[in-house]
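Residue numbers (this note's numbering), protein chains in the order written: chain A, 522 to 646; chain B, 522 to 646. Every residue gets a Cβ at the ideal spot worked out from N, C-alpha and C, and that includes glycine. What follows is a set of notes on a single structure, which appears directly below.
Number of protein chains: 2
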Amino acid sequence: MFDPLCPSDLMPIRIGDKWAGMIIRCLERGPRRFSELRIPLRGITAKALTTSLRALERDGLIIRPAYAEPVRRVEYELSQLGRSLLQPMAVMCTWAQEHWDELLDAREASSPLGRTEQAGQARGQ
Amino acid sequence: MFDPLCPSDLMPIRIGDKWAGMIIRCLERGPRRFSELRIPLRGITAKALTTSLRALERDGLIIRPAYAEPVRRVEYELSQLGRSLLQPMAVMCTWAQEHWDELLDAREASSPLGRTEQAGQARGQ
Numbered sequence: 522m523f524d525p526l527c528p529s530d531l532m533p534i535r536i537g538d539k540w541a542g543m544i545i546r547c548l549e550r551g552p553r554r555f556s557e558l559r560i561p562l563r564g565i566t567a568k569a570l571t572t573s574l575r576a577l578e579r580d581g582l583i584i585r586p587a588y589a590e591p592v593r594r595v596e597y598e599l600s601q602l603g604r605s606l607l608q609p610m611a612v613m614c615t616w617a618q619e620h621w622d623e624l625l626d627a628r629e630a631s632s633p634l635g636r637t638e639q640a641g642q643a644r645g646q
Numbered sequence: 522m523f524d525p526l527c528p529s530d531l532m533p534i535r536i537g538d539k540w541a542g543m544i545i546r547c548l549e550r551g552p553r554r555f556s557e558l559r560i561p562l563r564g565i566t567a568k569a570l571t572t573s574l575r576a577l578e579r580d581g582l583i584i585r586p587a588y589a590e591p592v593r594r595v596e597y598e599l600s601q602l603g604r605s606l607l608q609p610m611a612v613m614c615t616w617a618q619e620h621w622d623e624l625l626d627a628r629e630a631s632s633p634l635g636r637t638e639q640a641g642q643a644r645g646q
């Protein structure tokens, strides 16, 4: 789902914290459980996911719909407000795709580390 | 220049750190000196401005043009890459303007503090 060469650490435009933008993208096609979110968000800890989900909920970008079921089921879903963010996010993603090489070149030029090492570090986080 | 009710602390979409988006906006109409940047960026410390400028420079979004003058003059200017960010930033600003009340309402609903106090806190930072 997410290009490993496009980690949010290198992205100058961000939605909320490190994971928020990716969580919103994960919820684009419908509600997801906590455990379902952890699969595409490789490397996220349960604590980081909880923190990020709480922040998104506090901002009204995601909701937890209530189900009339005997067994408790917790899912996360984009609110109307969260869904409205998808269009500006798409504009940003297009910008990032078009300018990614320039960003990496600039980082490389200003860092003693080479591009490969930087990308590896970002992936490892 | 910046709406005090629109502090970046409340903004779910961000360019870089807290100040980066505002710095880019300040440079939209041409190069600015360090001291000139501090005027519209009310409340920014010299240290925070330096940190933010370095990060923007590292990402190739701003440059420091060299002047052939006997007296050293340091100015900051948007690079072509930085200038290309203005359009996606404008899309985000439009989104924020359209949804600001919803964001504030969501924060208010999830916080024991009222809206006025929150806005005051954000302004004070």
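Neighbour flag for residue i against chain B, beta carbons, 7 Å
i, result
"A:E623", "yes"
"A:R604", "no"
"A:Q646", "Note on A:Q646: pLDDT 42, under 50, position unreliable in the model; no value is reported."
"A:S573", "no"
"A:S631", "yes"
"A:R579", "yes"
Run of the alpha helix (DSSP H) containing residue i, from where it starts to where it stops
i, result
"B:L599", "Here B:L599 belongs to no alpha helix (DSSP H); instead the beta strand (DSSP E) covers E596 to L599."
"A:E619", "L607 to A630"
"B:K568", "A567 to R579"
"B:R559", "F555 to R559"
"A:A589", "Segment: none, A:A589 is in no alpha helix (DSSP H) and carries neither H nor E."
"B:G537", "That residue, B:G537, is in no alpha helix (DSSP H); it is neither H nor E in DSSP."
Selected residue, minimal CA-CA separation from residue i, among the options
i, options, result
"B:W616", "A:T566, A:A576, A:G564 and A:V612", "A:V612"
"A:L599", "A:Y588, A:D580, A:C614 and A:R593", "A:D580"
"B:L607", "B:G537, B:D538 and B:G542", "B:G542"
"A:Q601", "B:I560, B:F555 and B:E619", "B:E619"
"B:C547", "B:K539, B:E590 and B:L558", "B:L558"
"B:A627", "A:A567, A:R554 and A:R575", "A:R575"
"A:R554", "A:D622, A:W621 and A:Y597", "A:Y597"
"B:S556", "B:L624, B:A567 and B:W540", "B:A567"
"A:Y588", "A:E578, A:P552, A:L625 and A:I560", "A:P552"
"A:A630", "B:A630, B:E549, B:E578 and B:I560", "B:E578"
Presumed contact (8 Å Cβ cut-off) between residue i and residue j, rounded CB distance
i, j, result
"B:M610", "B:I545", "7 Å"
"A:L570", "A:L582", "Their Cβ separation, rounded to whole angstroms, is 15 Å, which puts A:L570 and A:L582 out of contact at 8 Å."
"B:V595", "B:R585", "6 Å"
"B:S573", "B:D538", "6 Å"
Residue i CB to nearest heavy atom of the ligand SAM below 6 Å
i, result
"B:G581", "Questions concerning the ligand SAM fall outside what the structure shown contains, since it holds no ligand whatsoever."
Any C-beta of chain A under 7 Å from that of residue i
i, result
"B:A647", "In the structure displayed, chain B extends from 522 to 646; residue 647 of chain B sits before or after that span and is not available."
"B:W540", "no"
"B:V612", "yes"
"B:P609", "yes"
"B:R585", "no"
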